[in-house]
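For the sequence shown, full-length UniProt numbering assigns the number 1 to the initial residue and increments by one for each residue that follows.
We put the beta carbon where it would ideally sit given N, CA and C, even for glycine.
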Amino acid sequence: MDSIKKKVMEFKDDHNMQPAYSMLASPSTPLITTDKNTMVGFDEQLLQLLDKLTGQQSNRQIIPIVGMGGIGKTTLAQNAYEHSLIVHHFDIRTWVTVSQKYNVKQLLLQLLSENNSQMDEQLLGQKLHKMLWGRRYLIVTDDIWSIEAWEEVCRFFPDNNNGSRIVVTTRISNVATHFDSLLFELSFLDEDQSWDLFCKKTFGEVGCPLELEDIGKEIVQKCKGLPLSISVIGGLLGRSHKTQEYWKIISKDLISNLNLEKDENCSSILSLSYTYLPPHLKPCFLYVGIFPEDHEILVSQLIKLWVAEGFIKPNKAQSLEDIARGYLNDLVDRNLILKHKLGSNGRIKFCKIHDLLRDLSLKAAQKDEFMCMMEDIPQGIERERRIVCNRKEALHTLQLASLTRTLVTSIHGRLSNNRLLRVMLFNNIGKRNFLRWHSVDQVNTRYLAYNELTYFRSFFLVKLPSSIDVLWNLQTIIIKREIKAPSEIWEMRQLRHVDIWGLNPPDPPQNGDQNHDEIVLQNLQTLKSVRNFVWSEEACKRVVNLRKLNIVYGRHSKRSNDYSLHNICKYLHKLESLKCSSYGLDNVLQKLTFPSSLKKLYLVRSKADWKDLTVIVWNPVEGEFLRLKFLLIQFCDLVNWNADSSHFPVLEKLFLKRMDILDEIPLDIGEIPTLGLIHVCWCSESAAISAMKIAEEQENACNEGLQVRVVIDEKEKLESFREKMKQSEDDDISFTRNNFHVGRF
């Protein structure tokens, strides 16, 4: 134990404990880890776990962590997983959450960090095995409930006798002992540890006022040492009146819990946290229960659903989406919703809910008649307001639910009696049933989503019916398929978010068209992904409030000057995120300029003439990227990039991927004071070397805030690059590479 303590301390000194990044981050979307989880009382267990993970034993080892729900198993595993010592020790790290109900294919996709695949389970497993083969890997299998679930995936984990490790978390003792290995059994916190955690959750670093200590310790004692209970009560009190009178009310409500069993006591405390939620947050919390157990919830989707349901109180100073994000942050601060992943802008991109809290939300939703999870067909379904149902035999029953406002399902058929539906979310719908659900009478629909469409061929182009405009209340439409839209889409004034994998809209009606008034879609914030569209003045003037835009141009498109791309800069002054992709074209970006409002820019698969690209090459336009914080360039034929720090004054993250002929990254980019990460993935060797030079220069300048990461795809290239790194170290022995990391996946 002393040796691992010494190793950790030395590593902290050498590497400044920079945030960890998974080596399995998706090539298309950066994986940003969350803030370090608050962990109290398990410091010794963390050191023991680090020692076990980095020990000298070369054979693959399985390390179980066992304990009741809410005890801190996942938190302990996550703190080890994200520890810088672990990041540097393993070639590959990956995490999979199993849960009681699991799908083997989805587990394999999680392990591969992929969202979807046409491969079957066996082929995915072989792909995983190939990826892990010969590399020292760490896999965390979180929340396993059965040996069968383990056996479904473990056969794809090779043992190369190179020190690979697998961490298993479970609340089932029989599962933990199955591995015949030294297990970590987590116990309840003692009195001092419980108080320490409570103070951190309630007061942060400020500390508890003396007048609240006695009543605070009385409340903590009733949590019986369970971290989840303490965290939730701390979140409740941290967001409420910090007075003795109020805290005594909370303590009094907890008195009846003293004689309950541990798990019952936990449920009762969690229930109390819901009881004391402000009225505007209660439906938002209950609504999270529509997502499956341990599901990674996309925050942007959750916010759109809350808005569509009418949960958000409007005010003139903020958009509904911004207010909703404030609600989410409030629930996170109360420890009722967990941060899972942060986006490139530092905001929460994915969240999760602890399964015990999800159980609470479902019980409260059932009690309040807020939502019905149809495992069995209930009596009185016609009165249910929100229904989650995947039972095929329930279609006829759903026809009776005439008062239903929300339907989440994967079953097929047409609903003609459900005229009050506001939200319709469909999963795994085949092409024969696609868009057959909707009736022209369902004019109240605000949110319409078709996720995970199955049985589609790539050439199958779906046409939205012209009657779509009768959905005059529609705010959000999400379709994971290429769509041809009718001209009526330009008349849907309430649209806020259009998220279609391939949207082919017609040109908007001209001003002189007697049958069409000039309609401005004032509420439209998101438009993606628009294919081969001409950005005429007429089109841009109709969507002036866009915040997020994805545009795609294919191989059979026109020349770029036929698309009027310059109008994007001229008219879209509120645009914050732009993604431009082109496939096989020579000059689609030639005329593209960028609005100064941009905060995120993605340029993908461009074969543009880079000397004509206004900002990134040759002579950047001063002041055009004053707000840009995130820049990704991928699969682009960029050779010379002659920018300096003044062109991107607030840039925080730079991602370069598959830039095969890029000569170098401008060294002056490293001088940007806000820049925290340069990620170079599968680029030319000269680009990787320039990244190393930037790291070296910034280390010599005592810039500890910049991390440079290089990923090289082939073993031979990696060895060649490491040889050049060694030569660089010989030339400059002061370069410690604390801010520079290179690897392969």
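From the options, residue whose alpha carbon lies closest to that of residue i
| i | options | result |
| --- | --- | --- |
| residue 232 | 153, 207, 209 and 194 | 194 |
| residue 640 | 630, 627, 651 and 659 | 659 |
| residue 309 | 476, 599, 508 and 698 | 476 |
| residue 253 | 373, 564 and 222 | 222 |
| residue 305 | 59, 285, 492 and 635 | 285 |
| residue 92 | 134, 696 and 58 | 134 |
| residue 198 | 722, 488, 40 and 403 | 40 |
| residue 312 | 710, 278 and 293 | 278 |
| residue 694 | 645, 499 and 632 | 645 |
| residue 546 | 468, 241, 521 and 449 | 521 |
| residue 173 | 69, 343, 106 and 269 | 69 |
| residue 491 | 472, 718 and 105 | 472 |
| residue 650 | 629, 273, 681 and 115 | 629 |
| residue 685 | 724, 164, 569 and 450 | 724 |
| residue 116 | 451, 583, 719 and 294 | 451 |
| residue 466 | 486, 337, 319 and 327 | 486 |
| residue 75 | 108, 698 and 43 | 43 |
| residue 567 | 581, 577, 698 and 543 | 543 |
| residue 90 | 136, 596, 237 and 405 | 136 |
C-alpha distance - residue i paired with residue j, whole-angstrom precision
| i | j | result |
| --- | --- | --- |
| residue 157 | residue 96 | 13 Å |
| residue 333 | residue 71 | 19 Å |
| residue 422 | residue 563 | 36 Å |
| residue 399 | residue 385 | 13 Å |
| residue 539 | residue 508 | 6 Å |
| residue 535 | residue 575 | 14 Å |
| residue 550 | residue 533 | 11 Å |
| residue 330 | residue 361 | 16 Å |
| residue 483 | residue 528 | 11 Å |
| residue 341 | residue 349 | 6 Å |
| residue 388 | residue 503 | 28 Å |
| residue 125 | residue 302 | 31 Å |
| residue 367 | residue 87 | 45 Å |
| residue 541 | residue 281 | 37 Å |
| residue 268 | residue 112 | 39 Å |
| residue 347 | residue 82 | 19 Å |
| residue 245 | residue 251 | 10 Å |
| residue 537 | residue 201 | 52 Å |
| residue 742 | residue 712 | 8 Å |
| residue 189 | residue 216 | 16 Å |
| residue 469 | residue 462 | 17 Å |
| residue 207 | residue 652 | 33 Å |
| residue 553 | residue 715 | 34 Å |
| residue 160 | residue 128 | 14 Å |
| residue 16 | residue 94 | Low confidence applies here, because residue 16 scores a pLDDT of 43, under 50, leaving its location unreliable; read the following figure in that light. Distance between the alpha carbons of residue 16 and residue 94 is about 23 Å. |
Buried versus exposed, by CB contacts within 10 Å (16 or more), residue i
| i | result |
| --- | --- |
| residue 30 | Note that residue 30 has pLDDT 34, beneath the 50 cutoff, so the model's placement of it is unreliable and the number below is only indicative. Buried, by the Cβ-count rule. |
| residue 505 | buried |
| residue 180 | exposed |
| residue 458 | Residue placement at residue 458 is flagged as unreliable, the pLDDT there being 48, under the threshold of 50; a coordinate-derived value is accordingly withheld. |
| residue 683 | buried |
| residue 670 | buried |
| residue 531 | buried |
| residue 177 | exposed |
| residue 408 | buried |
| residue 123 | exposed |
| residue 497 | buried |
| residue 418 | buried |
| residue 616 | Residue confidence for residue 616 is low, a pLDDT of 47 falling below 50, so the modelled location carries little weight; the figure read from the coordinates is stated next. When all chains shown are included, residue 616 counts as buried. |
| residue 364 | buried |
| residue 258 | Per-residue confidence for residue 258 stands at a pLDDT of 48, beneath the threshold of 50, marking its modelled position as unreliable; the derived number appears in the next sentence. Label assigned to residue 258: exposed. |
| residue 314 | exposed |
| residue 58 | exposed |
| residue 294 | buried |
Cβ-heavy atom distance, residue i to the ligand FAD, below 7 Å
| i | result |
| --- | --- |
| residue 194 | This structure does not include the ligand FAD; it has no bound ligands of any sort. |
Inset, instruction - Inspect the CB distances between the segment 207 to 219 and the segment 39 to 54 and report whether three or more fall short of 8 Å. - result: no
Legend entry - Completely contained alpha helix (DSSP H) runs for the segment 667 to 744, where each covers 4 or more residues: 685 to 700 and 715 to 731
Inset, instruction - Kindly confirm or deny that the segment 157 to 171 and the segment 135 to 149 touch, where touching means at least three C-beta pairs closer than 8 Å. - result: yes
Legend entry - Every unbroken alpha helix (DSSP H) within the segment 538 to 582, with a cutoff of 4 residues, ordered by chain: 566 to 571
Legend entry - Cβ pair count under 8 Å reaching 3, the segment 593 to 606 against the segment 631 to 649: yes
Inset, instruction - Output the residue ranges of the beta strand (DSSP E) runs that lie fully inside the segment 477 to 521 and measure 3 residues or longer, sorted by chain position. - result: 497 to 504
Legend entry - Minimum length 3: unbroken beta strand (DSSP E) runs contained in the UniProt domain "Disease resistance protein winged helix" (290 to 360): 338 to 342 and 348 to 352
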